[in-house]
Amino acid sequence: MKRLMCLIFTLVLAVYLLSGCSGGGKTANTESKNAAQAEKVTVDVFQFKVEFKDAFESAAKKYTESHPNVTINVTTVGGGTDYGAALKAKFNSGEEPAVFNVGGPQDVAIWKDKLADVSDTKAAGQALPGLLTGVTIDGKPYGLPYNIEGYGLIYNKDIFTKAGIKAEDINTFEKLEEAVKTLDANKSKLGIDAVFALPAKETWVTGLHMSNAFFSPEFDGDIMKAFNAKTIDFKYQDAMKKMLDLQNKYSVQPTASLDYAAQVQKLFGTGRVAIIQQGNWVFPDLSKMDADFAQNKIGMLPYPVYGYKEDCYPVGVPMYWAFNKNKDPNTLKAAKDFIDWLYLSDEGKKIVMEQFKFIPAYNGYPSDAVSDPLGKQVLAAASQGKAINWVFMGYPDGWGMNKLGQDIQLYVSGQLEWDKLVDNAKKTWAEARK
Amino acid sequence: MKKRKNKNAWYWMFLAVCLVSLVIVVFIPLAIGIWYSFTDWTGINNPTFIGMKNYARLKDDKLFWHSLLFSAKFSAVSVIAVNTVGLTLAMLVTRNIKGKNALRTIFFMPNLIGGLILGFIWQFIFVDIFDSISRFTGIKAFSGWLADPNTGFWGMVILAVWQMGAYVMVIYIAFIESIPEELLEAAEIDGVTPFQRFRHIIFPLIAPAFTINLFITLSNGFKLFDQNLALTNGGPGNMTQMVALNIYQTAFGESMMAYAQIKAVIFLVIVATFSLTQVYINKKREVEL
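If you read the protein sequences in the order shown, they are chains L and D. Just so you know, we're using the UniProt record's numbering here: the first sequence kicks off at 1 and counts up by one. Just so you know, we're using the UniProt record's numbering here: the second sequence kicks off at 1 and counts up by one.
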């Protein structure tokens, strides 16, 4: 027995050593080959968008095939994990990436010492009007938008039809409330657990997206106003309370430990709830589960801000590409060329439309660029003036998720009064801006 | 005389390896850390000295003190629970029962799983499985474990016991098996009950194991991070946030590295005090055979 173990161990070790050797030889070979062709550049990309990781990596591979002197390493950290924290850790470890993401003025202020001016890229000139405002300091842009995204209340068309509700008619909070009550009354007939799935565990859904709809009017939809605000009035707190209460009361319980996967895939994707608050980015996830369902059976209702604008959708840029100015000029240029290629070349445009399923943030795309139903609706909302701007990237660092979002968890589990939540929000905002 | 000097040189040479690495990886970072705690470092900017401002601010940081208290409570409960379970398992698998080696392996398995993965596994159990149980049986107590600070606390304890129990078991086994056979035999001839055997023979003789295990579980309880992050992530409302997670959030979530550094310094002092006092007390009651 012992001898057998010994033999196995030796074999494993031998195989490991041998494979290690051959692997090393191979890389050395390709390296020398590349060096002969052109000066070799390595671009490290550290990005946050988990949903398009595979598509983005294959795009990077395609680029390196036509530009053999460039190597692109993609690292993706995002989804449930905190991208900002991971990025800081990455910088502190000494391995600074060449390309990373910033979300808006708050991030730009934090990363100022690292950011390269992007006005020399073609993409900066082609970005849709207004999209660069949030990353511009003294007239110089420091980021390039990924895409445009929007959110609202995504609903299941079959369930609505069965309940006899016309989704097109829902354009105020009162009509929404009425529809929700109808759905709730017919729960067992419709085969649903509850009307909503409110993922209060995901503090970005509550603390950032939900609150955004109610802070955007307070700052006139201007992200820079939010960024410069020393204090908040929380002017639309009643409207927010209405929305939160509605979603919480008619949700699958308990909401405080409900997460994104449960909300989108386990509950909505299988038809166990009728409505969820999410954006067009959930399309790939739903499509993977059931392509027909995602393409034909879902739609998006507006996200009403009671007393302000009720037939509206929050629309904005989720993240910007930023470039590390401490990298040498060659790497920096290669990195910028890659992003230009991705958004402006014909090959890149095709990838952006067909594989990323992005709503393009740049000029020069065909008007029917978006094919999924959620994206189409967001685009339509934007063109019909039904959009309200995103301002949450102007919140103090970590405030939306770690302060407001956490208090919302306490509120929905009945351990914090709403008034106290409002007080806390005002206090923590002011403290963070001191 | 010369010989003696030589011996001294050798002594320091051997020690130097340890000493130098200790200084490089522990003492110097600690000193730098303490210096950072007097600055306004965000992790990205160039730090400037701001004196005691961070310390003054800490006083009013309710969340930090809450998390510290939560960690202390957690450590106290988990030290008792982990060691009880570990010792019971150890007693079980040192008896002459069938398949005891297989049992040891099975008991030890959870310890081989990383904290993050364990956290997610238990999240699945507490959220999905418990929820299903509560739906089928109608028992409300099973629903929403991680949505409530109290049950969230016990969820963390269960996870810790599950993971650490087997680890301390191994240490207990080592000590139990080193107890001389003749001692136990003699006791048996004298007619002790199993309880007496445990209380008066095994218990005192494995005292060193207690010293080690209490130290490990106590300091691990305070330092618990990945399980906390994966299981509850501090929720709901930061009520189950432990001190290590609080420091991490301050440092990376809110970009206040210097302020987090203060918390870390205070944390170090507290953990060191508790752990060392405990070791000192336990050392005194160890007996030599």
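Virtual Cβ for every residue (Gly too), placed ideally from N, Cα, C. Small disclaimer: the values here were computed from a predicted structure and weren't measured.
Asked                                                                                                                  : Found
Simplified DSSP assignment, three categories, for Ile179 (chain D)                                                     : coil
Nearest-angstrom Cβ-Cβ length linking Leu322 (chain L) and Val252 (chain L), presumed shorter than 8 angstroms         : For the sequence presented, residue 322 (chain L) should be read as Ala rather than Leu. Not really, about 38 angstroms apart at Cβ, beyond 8 angstroms.
Same chain, Cβ closer than 7 angstroms to Pro304 (chain L), neighbours up to 5 away in sequence not counted            : Thr172, Phe173, Leu176 and Glu310
Leu89 (chain D): first and last residue of the uninterrupted alpha helix (DSSP H) it sits in                           : Lys62 to Thr94
Inter-residue Cα distance where the pair is Ser22 (chain L) and Pro68 (chain L)                                        : Residue confidence for Ser22 (chain L) is low, a pLDDT of 41 falling below 50, so the modelled location carries little weight; the figure read from the coordinates is stated next. Cα-Cα distance, rounded: 23 angstroms.
Pro149 (chain D) (DSSP reduced to helix, strand or coil)                                                               : helix
Beta-carbon spacing of Phe74 (chain D), Phe126 (chain D) below 9 angstroms                                             : no
Boundaries of the beta strand (DSSP E) in which Trp321 (chain L) is found, first to last residue                       : Tyr320 to Phe323
Separation of Ile97 (chain D) from Asp61 (chain D), as counted between CA atoms                                        : 54 angstroms
Closest Cα partner of Leu190 (chain L) within the set L:Thr203, L:Arg272, L:Asp346 and L:Thr255                        : L:Arg272
Chain D contacts made by the segment 94-115 of chain L, where a contact means CB separation under 8 angstroms          : Ile110, Trp111, Asp113 and Lys114
Contact under 9 angstroms by Cβ, Gln377 (chain L) with Gly299 (chain L)                                                : yes
Residues near Tyr343 (chain L) in its chain [Cβ-Cβ closer than 6 angstroms; skip 5 each side]                          : Ala123 and Tyr362
Min CB distance Asp245 (chain L) to chain D below 9 angstroms                                                          : no
Separation of Met353 (chain L) from Asn46 (chain D), as counted between CA atoms                                       : 42 angstroms
Cβ contact (3+ pairs, closer than 8 angstroms) linking the segment 48-58 of chain D and the segment 187-198 of chain D : no
Tyr248 (chain D) at chain L interface by Cβ criterion, 9 angstroms                                                     : yes
Short CB-CB distance (under 9 angstroms) between Ala264 (chain D) and chain L                                          : no
Asp340 (chain L) CB to nearest heavy atom of the ligand GTP below 8 angstroms                                          : Ligands in the displayed structure: none, and consequently the ligand GTP is not present.
Residues of the segment 243-273 of chain L whose Cβ lies closer than 9 angstroms to any Cβ of chain D, in chain order  : Gln253, Pro254, Thr255, Ala256, Ser257, Leu258, Asp259, Ala262 and Lys266
Same chain, Cβ closer than 8 angstroms to Val269 (chain D), neighbours up to 5 away in sequence not counted            : none
Chain-ordered neighbours of Phe91 (chain L) on chain D, where CB pairs are closer than 9 angstroms                     : Gly43 and Ile44
Members of the segment 129-154 of chain D near chain L, C-beta cut-off 8 angstroms                                     : Ser143, Gly144, Trp145, Leu146, Ala147, Asp148 and Pro149
Contact set between Asn238 (chain D) and chain L, taken where Cβ atoms lie within less than 7 angstroms                : Gln406
Distance between Val70 (chain L) and Asp292 (chain L) (C-alpha atoms, nearest Å)                                       : 39 angstroms
Asn330 (chain L) and Lys114 (chain L) closer than 9 angstroms at C-beta                                                : no
Burial state of Thr26 (chain D) (16 or more Cβ within 10 Å)                                                            : Residue identity differs from the one stated: residue 26 (chain D) is Val in this sequence, not Thr. Exposed, because fewer than 16 other Cβ atoms sit within 10 Å of the Cβ of Val26 (chain D).
Length of the line joining the Cα atoms of Pro149 (chain D) and Thr240 (chain D)                                       : 6 angstroms
Terminal residues of the alpha helix (DSSP H) in which Gln278 (chain L) lies                                           : Not the alpha helix (DSSP H): Gln278 (chain L) falls in the beta strand (DSSP E), residues Val273 to Gly279.
Chain D contacts from the segment 184-218 of chain L (Cβ-Cβ distance under 7 angstroms)                                : Lys201
Bridge-paired residues (DSSP) for Glu149 (chain L)                                                                     : L:Gly316
Proximity to Ile117 (chain D) [Cα-Cα], best of D:Pro236, D:Glu182, D:Asn228 and D:Ile139                               : D:Asn228
Identified DSSP bridge partners for Met300 (chain L)                                                                   : L:Ile154
Contained alpha helix (DSSP H) runs [length at least 4] in the segment 340-371 of chain L, N- to C-terminal order      : 346-350
Proximal residues to Ala55 (chain L) (C-beta, below 8 angstroms), its chain only, five neighbours per side dropped     : Ile351, Gln355 and Phe356
Cutoff 9 angstroms: Gly253 (chain D) Cβ touching any chain L Cβ                                                        : yes
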